[in-house]
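**Q**
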Ligand code: MN
Ligand code: MN
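Numbering (our numbering), first residue to last: 3 to 329.
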């Protein structure tokens with residue numbers, strides 16, 4: 003058996019899909035002290051934490067259910083032809099350590115976990131968790147300077163504080179990331195924004211910083227290809243992170259989430275949008291806000307798993323293109 007085979011998913015023709023230990027995409031699970039980790043190009047990891055959730059909690063259970071629905075994953079993207087496990091060495095690197103009763107401690111633990119990815123030049127592909135988990139991931143990986151971001155969401159997540167002083171919630175990660183110099187607002191596009199506001203000035207801060215906000219009306223005016231053209235112009239050639247809040251989708255497709263907003267995108271549109279990111283300089287991504295307590299059929303976790311696979315395909319292509327595969 004050659005070395006590369008250690009990083010292939012278990013096929014359903016060898017081990018039945020309902021059997022064995024559930025991992026992301028049925029990949030091998032490597033503990034962080036496993037020497038094989040030095041060879042990993044893309045590390046899939048969970049962040050089972052929803053301490054930033056302001057209303058309906060439950061996303062802490064997301065990684066486990068996404069791993070369960072990963073039993074339905076296969077290897078080749080029919081639309082793009084990308085076979086991520088052939089291009090890159092991928093593995094499930096487990097869950098970031100979290101502390102369910104201490105928010106600040108958890109942010110530090112998550113950052114420390116993803117610093118190991120950064121040190122070992124492993125691209126992170128994350129399953130949340132609520133959207134606050136993106137902040138410590140960015141703290142770990144945006145070391146050489148701020149990154150760009152393509153952000154799919156019903157919400158901008160650039161609010162300032164809750165209850166007068168609380169700076170860290172799933173509604174604030176991208177304001178903090180801009181303030182901390184992790185995220186370049188001029189290379190950030192937020193797609194699918196909709197829903198009622200607390201007040202009519204709520205969205206202005208991000209736009210004033212230079213974020214390109216594409217609300218759902220503009221999204222439908224431009225269409226998928228128009229949005230992709232705009233996104234490519236905004237992020238350019240620089241390092242770019244993809245953050246996918248499952249509430250970008252209409253709750254018809256993804257009801258199992260904390261803050262659903264009607265009038266959202268379809269799953270097919272979302273797949274086309276991610277596939278259209280092929281060729282960009284992508285350096286990481288996440289799928290967040292899958293909340294199993296609100297997802298009795300498991301369909302939202304299936305959607306989350308499938309979007310992770312779509313993101314994995316473009317990440318693997320980017321990694322290959324930038325010449326760092328099979329290091
Ligand atoms: Mn969000
Ligand atoms: Mn959202």
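Cβ coordinates follow ideal geometry from the N, Cα and C atoms, glycine included.
Sorted by chain position, which residues of the same chain lie with C-beta nearer than 7 Å to residue 169's C-beta, five sequence neighbours on each side aside?
**A** Correct list, in chain order: 163 and 178.
**Q** Does the separation of the CB atoms of residue 211 and residue 155 fall below 9 Å?
**A** It is not a contact, given that the beta carbons lie outside the stated cut-off.
**Q** Can you tell me whether residue 127 is buried or exposed, with buried defined as 16 or more other CB within 10 angstroms of its CB?
**A** With 16 or more other Cβ atoms within 10 Å, it is buried.
**Q** Hey, how far is the Cα of residue 150 from the Cα of residue 98?
**A** So the alpha carbons of these two residues sit roughly 23 Å apart.
**Q** Rank 246, 11, 21 and 268 by C-alpha distance to the C-alpha of residue 30 and give the top, closest one.
**A** The candidate whose alpha carbon is nearest that of residue 30 is 11.
**Q** Go ahead and pull the three-state DSSP assignment for residue 258.
**A** Residue 258 falls in the coil class under three-state DSSP.
**Q** Measuring CA to CA, which of 281, 74, 314 and 318 is closest to residue 289?
**A** The residue with the shortest Cα to Cα distance from residue 289 is 314.
**Q** So is residue 242 buried or exposed if we call it buried at 16+ other beta carbons inside 10 Å?
**A** With 16 or more other Cβ atoms within 10 Å, it is buried.
**Q** To which residues does DSSP link residue 150 through a beta bridge?
**A** Per DSSP, 242.
**Q** Mind listing, in chain order, the continuous beta strand (DSSP E) runs of no fewer than 3 residues lying wholly within the stretch 246-319?
**A** The stretch 246-319 contains these whole beta strand (DSSP E) runs: 284-290.
**Q** Can you tell me which of 274, 188 and 249 puts its alpha carbon nearest to the alpha carbon of residue 229?
**A** Closest option to residue 229, Cα to Cα, is 274.
**Q** Buried or exposed for residue 188, please, with buried defined as at least 16 other CB atoms from any protein chain shown within 10 angstroms of its CB.
**A** The residue is exposed, with fewer than 16 neighbouring Cβ atoms inside 10 Å.
**Q** For residue 215, does the three-state DSSP call read helix, strand or coil?
**A** It is a strand residue.
**Q** If you count every other CB in all the chains shown that lies within 10 Å of the CB of residue 198, and 16 or more means buried, which is it?
**A** With fewer than 16 other Cβ atoms within 10 Å, it is exposed.
**Q** My output table needs one value for residue 237: the three-state DSSP class, helix, strand or coil.
**A** In the structure shown, residue 237 sits in a helix (DSSP, three-state: H, G or I).
**Q** Is there a C-beta anywhere in chain C that falls below 9 Å from the one on residue 247?
**A** Absent from the structure is chain C; it holds one protein chain and no more.
**Q** Among 89, 298, 120 and 152, whose alpha-carbon lies nearest the alpha-carbon of residue 323?
**A** For residue 323, the nearest C-alpha among the options comes from 89.
**Q** May I ask which residues mark the beginning and end of the alpha helix (DSSP H) holding residue 97?
**A** No alpha helix (DSSP H) holds residue 97; the beta strand (DSSP E) holding it covers 92-97.
**Q** Taking the CB atoms as reference points, tell me whether residue 330 and residue 293 lie closer together than 9 Å.
**A** Examination of residue 330 is not possible in this model, given that the chain is present from 3 through 329 alone.
**Q** Just jot down, in chain order, the residues whose CB lies closer than 7 Å to any heavy atom of ligand 1.
**A** Taking each Cβ in turn, the ones that pass are 133, 155, 157, 159, 172, 247, 249, 290 and 291.
**Q** Do the stretch 73-90 and the stretch 102-117 touch if we need at least three Cβ pairs shorter than 8 Å?
**A** Output reads no: the stretch 102-117 does not touch the stretch 73-90.
**Q** At a cut-off of 8 Å, is residue 56 close to ligand 2 when judged by its beta-carbon and the heavy atoms of the ligand?
**A** Because no heavy atom of ligand 2 lies under 8 Å away, the Cβ of residue 56 does not count as near it: no.
**Q** Is the separation between the beta-carbon of residue 48 and that of residue 144 shorter than 9 Å?
**A** Contact flag unset, no.
**Q** For the beta strand (DSSP E) containing residue 69, list its first residue and its last residue.
**A** Residue 69 -> not in any beta strand (DSSP E); alpha helix (DSSP H) instead, spanning 64-71.
**Q** Quick one: give me the first and last residue of the beta strand (DSSP E) that residue 47 is part of.
**A** Taken as a continuous stretch (DSSP letters only), the beta strand (DSSP E) holding residue 47 covers 44-49.
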